[in-house]
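**Q** Here the sequence shown stands for residues 917 to 1250, where the numbers follow the working numbering. Even for Gly, the Cβ is constructed at its ideal location relative to N, Cα and C. Keep in mind that this is a model prediction, so the values were computed, not measured. Have a look at the structure that comes next, please.
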Amino acid sequence: MIDIKNCPSTLTEGFTTYSPKGTRLLFGGKKVSPILDFDIDEFRNTAGLLEAMHRISVSGVQEKFPAVIEQGKIRIAHDQERSTYILKPAPWDKTLQARKQIPANEHLTMQIASQVYGILTAANGLCFTQSGQHIYITKRFDILPDGTKLPMEDFATIVGRNEQTDGLHFKYNGCYEDIAIAIRKNVAAWMVDMERFFELVLFNYIYANGDDHLKNFSLIRQGQDYRLAPAYDLLNTCLHVDGDDFGLDGGLSPHIERSDVMDRTHHPCRLDFERFGMHIGIVRPRLQRTLDKYMQIPEETKLLIDRSFLNDKMKRSYLRIVHERISRFIRLSD
């Protein structure tokens, strides 16, 4: 049985269930138990759950199950039932280091993005099986309270990448400038969303999310206009796999001059992000304010790491990785 000492959504101290704020953000104020009535491992290979996995529209290779809230409980959505939540247990792939910590990792990273940096994210939290297994839960932001589904497209589709024409790893094929160009083309209020996009790319670098590929950025229609969707699938991937600095093979852009730090170490520094930001149209004063936020690790980040559901070893590793990324970022270029 899991010993809950902090809110499984906001990580606020002193709660054995979802805090009032967590309940409001994640469940619209409805009281919901963080303990599931079922164990996903018992049902993982059943036809019902395998079919349920295929009904999730949010992209990605990690298994995801559609869920709803009923009488204060989280349950798997029935066939033909509109899901309002997504459950993500630890992946099956046993080659991943500390794979059972992945749900807590994603939850922590999403909370840091939202609480510390003010990045618009999908509402999220953790829930638990009776045996104490961690399962990440996120509210579907493409489903309105009346059940209406908002049109949404990821950037692999928007920029025209697919497996048939670009191969199995198509979602990693490109650079972040490709997304920036598509935002400018498809979003009326593109300057606002360009700043949001830029900070998300920077956040992913500092917090070691090496899986920020084309399918992990999307546009969603709000009213008559498309806007950059809230951030999702944020994860410190370096805790589990050895990876690159970026989730896209082409990095930031082939059209900006690389810093001497980047040439020498093959890792970007602040100057590389500054040049990228200017290149995609962000005005200098706002760009500098965003860059300044990542020059050191905030105390709020340290507190959230400490309160997270990662084990102690993973907490230390998480903090060390972020410190390493910041030390790279603040290096001065000639």
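Take leucine 1235 and list the residues in its own chain whose beta-carbon comes closer than 6 Å to its own, dropping the five residues that flank it on each side.
**A** So the qualifying residues of the chain are Ile1221.
**Q** Tell me where the beta strand (DSSP E) around asparagine 1040 begins and ends.
**A** Residues 1040-1044.
**Q** Between arginine 1200 and the rest of its own chain, which residues show a CB-CB distance below 8 Å, the 5 nearest in sequence each way excluded?
**A** Closer than 8 Å at Cβ, skipping near neighbours: Met1194.
**Q** Which one of Ile1196, Lys1218, Ala1147 has the shortest CA to CA distance from serine 1030?
**A** The residue with the shortest Cα to Cα distance from serine 1030 is Ala1147.
**Q** Could you tell me which of Ala1124, Thr939, Ser1175, Tyr1142 sits nearest to aspartate 1250, measuring between CA atoms?
**A** Among Ala1124, Thr939, Ser1175, Tyr1142, the Cα nearest to that of aspartate 1250 is on Ser1175.
**Q** Any contact between the segment 1217-1233 and the segment 1134-1144? By contact I mean 3 or more CB pairs, one from each, below 8 Å.
**A** Cβ pair count under 8 Å is below three, so no.
**Q** Among Lys1218, Asp1161, Trp1106, Thr933, which residue has its Cα nearest to the Cα of histidine 1129?
**A** Checked all of Lys1218, Asp1161, Trp1106, Thr933; the closest Cα to histidine 1129 is Asp1161.
**Q** Between the alpha carbons of tyrosine 1121 and lysine 989, how many angstroms are there, rounded?
**A** Approximately 36 Å between the Cα atoms of the pair.
**Q** If you run the structure through DSSP and keep just helix, strand and coil, what is proline 1019?
**A** The answer is helix: DSSP assigns proline 1019 an H, G or I state.
**Q** Going by alpha carbons, who is nearest to leucine 1012 out of Asp1158, Thr1217, Met1178, Gly1197?
**A** The shortest C-alpha separation from leucine 1012 is found at Asp1158.
**Q** Lysine 1065 and threonine 1000: beta carbons closer than 8 Å?
**A** In this structure, threonine 1000 does not lie closer than 8 Å to lysine 1065 by Cβ.
**Q** Let me know the secondary structure DSSP gives histidine 1160 once reduced to three states.
**A** As written in the sequence, residue 1160 is aspartate, which differs from the histidine given in the question. Coil at aspartate 1160, not helix or strand.
**Q** Closest by CA to isoleucine 992, which one among Ile1028, Pro1214, Ala1020, Asp955?
**A** Comparing Cα-Cα distances from isoleucine 992 to each of Ile1028, Pro1214, Ala1020, Asp955, the minimum goes to Asp955.
**Q** Roughly how many angstroms lie between the CA atoms of aspartate 1179 and leucine 1060, to the nearest whole one?
**A** Looking at the two C-alpha atoms, the distance is approximately 47 Å.
**Q** Provide the residue span of the alpha helix (DSSP H) that contains isoleucine 1237, from first to last.
**A** Looking at the DSSP string, the run of the alpha helix (DSSP H) that includes isoleucine 1237 is 1228-1245.
**Q** According to DSSP, what are the bridge partners of proline 982?
**A** The partner list for proline 982 (beta bridge, DSSP) reads Ile1002.
**Q** For lysine 1055, report the span of its beta strand (DSSP E) as first-last.
**A** It spans 1050-1055 - the beta strand (DSSP E) in which lysine 1055 sits, taken as one unbroken run.
**Q** What separation, rounded to the nearest whole angstrom, lies between the Cα atoms of proline 982 and arginine 1247?
**A** Cα to Cα, proline 982 sits roughly 44 Å from arginine 1247.
**Q** If we count the other Cβ atoms within 10 Å of its Cβ and call it buried at 16 or more, is aspartate 919 buried or exposed?
**A** The residue in question, aspartate 919, is exposed, as its Cβ has fewer than 16 Cβ neighbours within 10 Å.
**Q** Helix, strand or coil: how does DSSP classify asparagine 1152 here?
**A** Three-state DSSP puts asparagine 1152 in coil, outside helix and strand.
**Q** Under DSSP, the alpha helix (DSSP H) around tyrosine 1123 begins and ends at which residues?
**A** Per DSSP, tyrosine 1123 belongs to no alpha helix (DSSP H) and is neither H nor E.
**Q** Taking the alpha carbon of methionine 1017 as the reference point, which residue from Lys1231, Lys1101, Leu1203 has its own alpha carbon closest?
**A** According to the sequence shown, residue 1017 is glutamine rather than methionine. Nearest of Lys1231, Lys1101, Leu1203 to glutamine 1017, Cα basis: Lys1231.
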